[in-house]
Amino acid sequence: MLGLPTPEHVESPVYNLPVTGETGLTLDDHAFDPDFIFSPSKHPLFNFLVTDVDEAYEFMKENDITIVRETERIGDVAFFNFTDEDGNVLMICNC
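So that you can map any letter, position 49 of the sequence shown is 48 in numbering that gives the first Met the number 0, and since no number is skipped, the others follow by simple counting.
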(Lines of atoms letter the chains of each structure in order from A; the text may use other names.)
(Lines give C-alpha, C1' and ligand atoms only; values in the text may rest on other atoms or scores of the structure.)
Protein backbone atom coordinates (compact mmCIF):
# COMPACT_ATOMS: atom_id res chain seq x y z
CA MET A 0 0.00 0.00 0.00
CA LEU A 1 2.82 2.43 0.81
CA GLY A 2 4.94 1.44 -2.16
CA LEU A 3 7.91 0.62 0.07
CA PRO A 4 10.25 -2.24 -0.77
CA THR A 5 9.87 -5.40 1.30
CA PRO A 6 13.10 -6.05 3.20
CA GLU A 7 14.90 -9.14 1.90
CA HIS A 8 16.24 -10.16 5.30
CA VAL A 9 15.00 -8.89 8.63
CA GLU A 10 16.83 -9.82 11.82
CA SER A 11 14.70 -7.66 14.07
CA PRO A 12 10.96 -7.60 14.81
CA VAL A 13 10.90 -3.93 13.79
CA TYR A 14 10.59 -2.14 10.48
CA ASN A 15 11.74 1.47 10.21
CA LEU A 16 9.75 3.37 7.62
CA PRO A 17 11.87 5.82 5.67
CA VAL A 18 10.67 9.36 6.38
CA THR A 19 11.97 12.83 5.65
CA GLY A 20 12.84 14.97 8.65
CA GLU A 21 13.75 14.30 12.24
CA THR A 22 10.75 12.24 13.35
CA GLY A 23 10.93 8.52 12.59
CA LEU A 24 8.30 5.83 12.39
CA THR A 25 9.05 2.30 13.54
CA LEU A 26 6.66 -0.66 13.33
CA ASP A 27 7.34 -3.35 15.94
CA ASP A 28 5.66 -6.78 15.98
CA HIS A 29 7.01 -7.70 19.45
CA ALA A 30 8.03 -11.12 18.11
CA PHE A 31 10.54 -11.62 20.93
CA ASP A 32 8.18 -10.62 23.77
CA PRO A 33 6.39 -13.77 25.06
CA ASP A 34 4.05 -11.70 27.27
CA PHE A 35 2.83 -9.40 24.50
CA ILE A 36 -0.86 -9.67 23.62
CA PHE A 37 -1.82 -7.96 20.37
CA SER A 38 -4.91 -5.76 20.48
CA PRO A 39 -5.60 -3.63 17.39
CA SER A 40 -6.15 0.07 17.98
CA LYS A 41 -9.70 1.23 17.32
CA HIS A 42 -8.50 4.86 17.09
CA PRO A 43 -5.98 6.27 14.59
CA LEU A 44 -2.43 5.53 15.71
CA PHE A 45 -0.99 8.13 13.34
CA ASN A 46 -1.82 9.76 10.04
CA PHE A 47 -0.28 9.99 6.63
CA LEU A 48 -0.27 13.48 5.12
CA VAL A 49 -1.28 13.74 1.47
CA THR A 50 -1.91 16.65 -0.88
CA ASP A 51 -5.11 15.13 -2.34
CA VAL A 52 -7.40 13.28 0.08
CA ASP A 53 -9.84 12.31 -2.67
CA GLU A 54 -7.09 10.72 -4.77
CA ALA A 55 -5.82 8.82 -1.71
CA TYR A 56 -9.37 7.65 -0.92
CA GLU A 57 -9.85 6.33 -4.45
CA PHE A 58 -6.48 4.53 -4.27
CA MET A 59 -7.55 2.80 -1.04
CA LYS A 60 -10.92 1.77 -2.48
CA GLU A 61 -9.31 0.47 -5.69
CA ASN A 62 -6.91 -1.64 -3.60
CA ASP A 63 -9.67 -3.08 -1.36
CA ILE A 64 -8.44 -1.31 1.79
CA THR A 65 -11.19 -1.17 4.42
CA ILE A 66 -12.40 2.38 5.05
CA VAL A 67 -13.80 2.71 8.59
CA ARG A 68 -14.58 6.43 8.58
CA GLU A 69 -15.65 8.22 5.43
CA THR A 70 -14.00 11.46 4.36
CA GLU A 71 -14.79 14.39 6.62
CA ARG A 72 -14.08 17.99 5.75
CA ILE A 73 -13.58 20.72 8.34
CA GLY A 74 -12.57 23.96 6.68
CA ASP A 75 -9.43 23.28 4.65
CA VAL A 76 -8.76 19.97 6.43
CA ALA A 77 -10.05 16.64 5.10
CA PHE A 78 -9.40 13.14 6.44
CA PHE A 79 -10.61 9.55 6.46
CA ASN A 80 -9.71 6.44 8.47
CA PHE A 81 -8.85 2.95 7.27
CA THR A 82 -7.53 -0.28 8.76
CA ASP A 83 -4.19 -1.94 8.13
CA GLU A 84 -3.79 -5.70 7.67
CA ASP A 85 -3.71 -6.21 11.45
CA GLY A 86 -6.93 -4.26 12.06
CA ASN A 87 -5.30 -1.08 13.41
CA VAL A 88 -7.03 2.16 12.49
CA LEU A 89 -4.89 4.70 10.61
CA MET A 90 -5.73 8.07 9.08
CA ILE A 91 -5.12 9.86 5.79
CA CYS A 92 -5.18 13.65 6.14
CA ASN A 93 -4.49 16.49 3.74
CA CYS A 94 -1.73 18.98 4.42
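Positions of the beta carbon are idealized from the N, C-alpha and C atoms, including for glycine.
Pair within 8 Å by beta-carbon distance, residue i and residue j
i, j, result
"A77", "E71", "yes"
"V88", "P33", "no"
"V18", "L26", "no"
"P39", "G86", "yes"
Buried/exposed call for residue i, threshold 16 Cβ in 10 Å
i, result
"N62", "exposed"
"I91", "buried"
"A97", "The structure shown has nothing for residue 97, since the chain only spans 0 to 94."
Presumed contact (8 Å Cβ cut-off) between residue i and residue j, rounded CB distance
i, j, result
"N46", "V67", "The pair is not a contact, with the Cβ atoms about 14 Å apart (cut-off 8 Å)."
"C94", "T22", "With a Cβ gap of about 15 Å, C94 and T22 do not count as contacting."
Per DSSP, the bridge partner or partners of residue i
i, result
"A77", "R72"
"V88", "T82"
Quiz item: Can you give, in chain order, each stretch of the beta strand (DSSP E) that sits fully within the stretch 13-70 and has at least 3 residues?
Solution: The qualifying runs are 13-16, 24-27 and 46-49.
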